[in-house]
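The structure under discussion appears below in the form of structure tokens.
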């Protein structure tokens, strides 16, 4: 009768809605154990839900509230929850409400969130930039709530959050690229109020950036990074420059605020991810620079590329001079380092983690040497030799100068120097033609090494 009245007079809809909610408290053990009443109530709820609630936007918040309050009724109510066509404001409110009530109700949360067609919302509702940012924030918090190692029963929900985040990440790329990257870095830092996110979330984003190259945490760096450099199309030159600056800024701030023993104690869980991320951006920068500045000779190309690579990796691999950074350092670190001249990038226990980042740094340098153009000579017989010397010599000179100013100090310990030396020794130093000044510096470093040995 109510369904017929609704067709003839839509103003009677409220009566059907109230009857729907009136029946709900009648569902108890006594009524559901008696088949006739169970069938009657279930049939009424199904028909009233279909005709008076499902697809009615202003009924969705009330229905959702009831589901969240009484999850035991979810099987009767969830089929009528249909948020796909609601306005953006209501969608954000409801999505947030569900995400805040996750608790241990993973199955209920999944059933509700799976009703949100995020791709359809983005294309049909065309939400504003700030509304999409709100959605991203909610999803990141949801992923953080599930932690870095989600329980088995939450894996479907976790996968749904990942899918929703990736959908927004790829929508009108790169509008939310920097925002999501910064959010993931912050959520992985171990300094937020919520648990860190799972590595799988990072892998999703890296694979989206690397498409069609497939990124895997445990596969050889060189193979993946060079494939990425050859195939990546998503990030343009300026975006890559901004990414290197973002990474350098983030890790520098983290180091100054929490890096008494380097960054590895607080983010060692993500070292494989960070090694890939830094390597991808470094390789992307090299190729993008070559394409953007075609015809630029080696010295000018090195001058453009090297500072970005150096600064991006420095917070994770370089000692900090207390004299240069003390003013910007957290007060608690200052108090504990009054007797130090250098703040080292890692402790002995973290050498293995540090080596992962050093390997990524090494791959960037080797790739730069591999693709760097040399100065052009007309003498065909010596072309190959002069090209190698020109390309290698310039970048190796930059690396030598950086090594001397950064590591050639008495306060830098062996557990720092040994991995650094292993990393740099694989470079083609036989192509390095040192200047007189370089030779003088080498002599001073040699003397310092002897003094260190004597003191030990």
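Numbering (this note's numbering), first residue to last: 2 to 457.
The beta-carbon is built from N, C-alpha and C at its ideal position, and this holds for glycine as well.
On a predicted model such as this, the values are computed, not experimentally measured, just so you know.
8 Å Cβ cutoff met for residue i and residue j
| i | j | result |
| --- | --- | --- |
| residue 277 | residue 216 | yes |
| residue 245 | residue 313 | yes |
| residue 320 | residue 343 | yes |
| residue 370 | residue 308 | no |
| residue 359 | residue 420 | yes |
| residue 83 | residue 112 | no |
| residue 40 | residue 32 | no |
| residue 287 | residue 362 | no |
| residue 133 | residue 87 | no |
| residue 364 | residue 207 | no |
| residue 414 | residue 345 | yes |
| residue 366 | residue 299 | no |
| residue 355 | residue 265 | yes |
| residue 135 | residue 93 | yes |
| residue 284 | residue 211 | no |
| residue 397 | residue 432 | yes |
| residue 175 | residue 240 | yes |
| residue 137 | residue 181 | yes |
| residue 68 | residue 79 | yes |
Residue i, buried or exposed, once every other Cβ within 10 Å from all chains shown has been counted against 16
| i | result |
| --- | --- |
| residue 401 | buried |
| residue 459 | Lying before the first or after the last residue shown, residue 459 is absent from the chain, which here runs from 2 to 457. |
| residue 332 | exposed |
| residue 236 | buried |
| residue 434 | exposed |
| residue 23 | exposed |
| residue 290 | buried |
| residue 177 | buried |
| residue 100 | buried |
| residue 316 | buried |
| residue 422 | exposed |
| residue 252 | buried |
| residue 377 | Because residue 377 carries a pLDDT of 39, less than 50, the predicted location of this residue cannot be relied on, and no value is offered for it. |
Contact belief for residue i with residue j at Cβ below 8 Å, rounded distance in angstroms
| i | j | result |
| --- | --- | --- |
| residue 200 | residue 274 | 6 Å |
| residue 160 | residue 222 | Incorrect: roughly 27 Å between the Cβ atoms, too far for contact. |
| residue 29 | residue 62 | Going by Cβ atoms, the distance from residue 29 to residue 62 rounds to 26 Å, so no, they are not a contact pair. |
| residue 107 | residue 155 | 4 Å |
| residue 248 | residue 282 | 7 Å |
| residue 188 | residue 139 | Not confirmed; about 13 Å, so no contact. |
| residue 416 | residue 349 | 5 Å |
| residue 171 | residue 209 | 6 Å |
Counterpart residues of residue i in DSSP-defined beta bridges
| i | result |
| --- | --- |
| residue 322 | 343 |
Q | Complete alpha helix (DSSP H) runs within the region 208-262 (minimum length 4 residues, chain order) | A | DSSP runs (the alpha helix (DSSP H)) wholly in the region 208-262: 222-232 and 238-259.
(Q) Restricting to runs no shorter than 4 residues, where is the alpha helix (DSSP H) found entirely within the region 131-182? (A) 156-171
Q. Can you give, in chain order, each stretch of the alpha helix (DSSP H) that sits fully within the region 278-338 and has at least 4 residues?
A. 299-318, 323-326 and 332-337
Q. Mind pulling the alpha helix (DSSP H) runs of 4 or more residues that sit fully within the region 383-442?
A. 384-408 and 415-426
Q | Completely contained beta strand (DSSP E) runs for the region 60-138, where each covers 3 or more residues | A | Correct list: empty.
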